[in-house]
Amino acid sequence: MSDVKNRIAVYQGNITKMGVDAIVNAANTSLLGGGGVDGAIHAAAGPGLLEECRELNGCQVGQAKITAGYDLPAPYVIHTVGPIWRGGDKGESRKLACCYYNSLKLAHEYQLATVAFPAISTGVYGYPKDQAAAIAVKTVAAYLEEDKSILKVYFVAFDKETEQLYQKELAQL
Ligand code: AR6
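Numbering (my numbering), first residue to last: 7 to 179.
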């Protein structure tokens, strides 16, 4: 796991500033924008992003779609839709893991080497932050073990608590 650990980093800050090949957006099924990180990404990318999203016909929970990054430093945005937390017995953990897995699969298909994730579902969608961090780190680590073409994954935490949760999970790898 040591190689995988070296390919994962935790950042606290604003994902729209990340100069990586792709940033991941925690979108909703319409892909037509919203609040939280979705709103921040659309605001920073400019109107071209929404225009391209209109052509995508939405996205299902756990799936991922890709667009250009427009005015963002990142040339691509991978849009994924996290599950809404409904108590934990409605397949939420599997759906959240799918978000990470399918986003990385898409990055691989586009030959992208560096990807930054926000803490999907942990804002408006109410997923418990500790459980979400565990799923995020474990799913990404397992993926990186199998796919050497992705060189680095950044977990971008907006708040200190989330950053510490990621650090704790990373230490356990
Ligand atoms: N950079 C990094 N992380 C951020 C940023 C940012 N600029 N802004 C917020 N976060 P949320 P969800 C963190 O609510 O729970 C939208 O309206 C935030 O602190 O953005 O998946 C969509 O359109 C939290 O830790 O996404 C959907 O309708 C994390 O990003 C719905 O919200 C996710 O919070 C999706 O809800």
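All residues carry an ideal CB built from backbone N, CA and C; glycine is no exception. Predicted model only: the values in this text are computed from it and were never measured.
- Boundaries of the beta strand (DSSP E) around residue 71: 70 to 74.
- Residue environment for residue 135: buried (at least 16 other C-beta atoms within 10 angstroms of its C-beta).
- Following the DSSP letters along the chain, one finds residue 28 inside the beta strand (DSSP E) bounded by residues 28 to 33.
- Secondary structure of residue 119 (DSSP, three-state): coil.
- Exposed is the label assigned to residue 116, since fewer than 16 other Cβ atoms lie within 10 Å of its Cβ.
- Cβ neighbours of residue 104 within its own chain (closer than 6 Å, five residues either side excluded): 68.
- Under the DSSP assignment, residue 43 falls outside any beta strand (DSSP E), being part of the alpha helix (DSSP H) whose first and last residues are 42 to 51.
- Around the C-beta of residue 89, 16 or more other C-beta atoms lie within 10 Å, and the residue is accordingly described as buried.
- The straight-line gap separating the alpha-carbon atoms of residue 38 and residue 9 is approximately 38 Å.
- In the structure shown, residue 138 adopts helical secondary structure according to DSSP, grouped into three states.
- Each residue's CA atom was taken as its position, placing residue 142 and residue 81 some 23 Å apart.
- Put simply, of 35, 124, 163 and 108 the residue whose alpha carbon is nearest the alpha carbon of residue 153 is 108.
- In this structure, residue 131 has its CB closer than 7 Å to one or more heavy atoms of the ligand AR6.
- Three or more pairs of CB atoms, one per stretch, sit closer than 8 Å, so the segment 15 to 33 contacts the segment 113 to 127.
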